[in-house]
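Engineer: So that you can map any letter, position 49 of the sequence shown is 52 in the working numbering, and since no number is skipped, the others follow by simple counting.
The structure under discussion is supplied below as structure tokens; questions concerning it will follow.
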Amino acid sequence: MNTAPQPNESSAPKVAVLGTGVMGSTIVTALIDAGWPGAAVTVANRTPAAPAALNAKYGVVVAGTAADAVANADIVVVAVKPQDTAELLDSIRDAIHPGVLLLTVAAALPSSFYAERLGMPVAVVRAMPNTPAVIGRGATAIAAGVGASDAHLHLVSAMLRTTGLVVTVEEDQLEAVIAVAGSAPAYFYAFVEALTNAGVAQGLDRILATQLATQTFIGAAALLAESGETPQTLRSRVSSKGGTTLAALEAMDHAGLKDVVSAGANAAVHRSRELRSELAP
């Protein structure tokens with residue numbers, strides 16, 4: 004387990020967070036929780052509302068432009084959509100310092116894209132978080148890209164540790180991470196929605212059905228995480244021969260549940276590769 008740094012205002016690496024949507028704001032919160040003083044974190048965004056709120060809450064510095072934000076930064080966090088990344092990099096090219104650590108949460112774009120677009124040596128670490136990071140229950144994979152070392156990975160892991168699970172993978176595994184974790188909260192919400200609808204069809208009130216389905220998944224996930232058992236083992240314990248659970252599982256299997264999940268994961272990977280071809284040919 005990595006130990007987070009305990010920076011003070013004079014020793015903390017200066018971080019510029021470019022983009023303060025859900026994930027950018029989550030990273031700002033993670034930095035503060037990990038010990039960064041607000042004065043060592045600068046934020047920039049196209050619209051002023053989110054930076055102003057972060058300034059009021061944490062005392063972070065609000066920059067007028069992305070170029071202003073990166074001028075003195077040791078670490079630059081790119082937290083914008085893949086489609087907006089090239090324009091952002093162009094806007095900071097003349098202000099960023101060679102050799103900075105660039106942490107990006109943009110999907111699809113390879114680490115080489117950043118160094119080539121900036122036209123200078125940078126250490127790139129790619130991260131693929133998911134939305135439960137907002138409440139400290141996320142699953143994030145990080146990968147060393149162009150110019151990045153184990154020390155850079157250690158620093159990024161420390162920066163993100165309060166967002167939940169942080170694991171290290173190879174860069175070419177990030178597309179698989181998108182399928183299994185990055186996009187997967189939406190799969191869960193879709194399944195809860197479908198199960199709720201099934202409960203309503205069987206006569207339950209919608210609010211009650213949603214509560215029961217949600218808490219059941221929360222409890223099942225906690226049991227899986229804390230028991231040390233495999234999903235297969237836990238599933239078998241509630242699947243008595245001739246019982247209702249086994250009947251349900253067999254019906255789902257017959258309806259193609261595994262194929263549906265595989266199709267979704269494959270589609271996520273395929274779209275990631277399409278984006279890479281479109282944006283970083």
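Backbone N, C-alpha and C define an ideal beta-carbon position, used for all residues, glycine too.
Just so you know, these numbers come straight off a predicted model, no measurement behind them.
#1: Taking 6 angstroms as the cut-off, is the CB of L92 close to at least one heavy atom of the ligand SAM?
#2: Check whether the segment 28-43 and the segment 110-124 are in contact - that is, three or more C-beta pairs closer than 8 angstroms.
#3: Please report the residue range of the beta strand (DSSP E) in which T45 lies.
#4: Please report the straight-line C-alpha distance between E90 and G222, rounded to a whole angstrom.
#5: For the alpha helix (DSSP H) containing L207, list its first residue and its last residue.
#6: What separation, rounded to the nearest whole angstrom, lies between the Cα atoms of I210 and G141?
#7: Tell me the DSSP secondary structure of L112 in three-state form.
#8: In the DSSP output, which residue or residues are listed as bridge partners for A144?
#9: Note down, in chain order, each residue of its chain lying with its Cβ closer than 7 angstroms to the Cβ of P234, except the 5 sequence neighbours on either side.
#10: What are the uninterrupted segments assigned as alpha helix (DSSP H) that are 4 or more residues long and contained completely in the segment 228-283, given in chain order?
#11: Give me the residue from V65, N48, A270 and P132 with the minimum Cα distance to V170.
#12: Could you spell out where the beta strand (DSSP E) holding I78 opens and where it closes?
#13: From this set, R96, R238, A146 and A74, which residue's C-alpha is nearest A2's C-alpha?
#14: Under the DSSP definition of a beta bridge, which residues are partnered with L104?
#15: Terminal residues of the continuous beta strand (DSSP E) containing V180?
Structural biologist: Judging by the given coordinates:
#1: Absent from the structure shown: the ligand SAM. Ligands present: none.
#2: No, they do not touch.
#3: For T45, the enclosing beta strand (DSSP E) has its first and last residue at V44 to A47.
#4: Answer to the nearest angstrom: the Cα atoms are 44 angstroms apart.
#5: It is not in any alpha helix (DSSP H) - L207 carries neither H nor E in the DSSP assignment.
#6: If I take the Cα positions, the gap works out to 26 angstroms.
#7: Here L112 sits in coil by DSSP.
#8: Here A144 is bridged, per DSSP, to M131 and V170.
#9: Within the same chain, Cβ atoms closer than 7 angstroms to the Cβ of P234 are found at L227, the five residues on either side in sequence being excluded.
#10: Counting whole runs of 4 or more residues, the segment 228-283 contains the alpha helix (DSSP H) stretches 234-240, 247-258 and 260-282.
#11: Among V65, N48, A270 and P132, the Cα nearest to that of V170 is on P132.
#12: Where I78 is concerned, the enclosing beta strand (DSSP E) stretches over I78 to V81.
#13: Residue 2 is absent from the structure shown; the chain starts at 4 and stops at 284.
#14: Its beta-bridge partners are I78 and A126.
#15: No beta strand (DSSP E) contains V180, which is instead part of the alpha helix (DSSP H) from L177 to V180.
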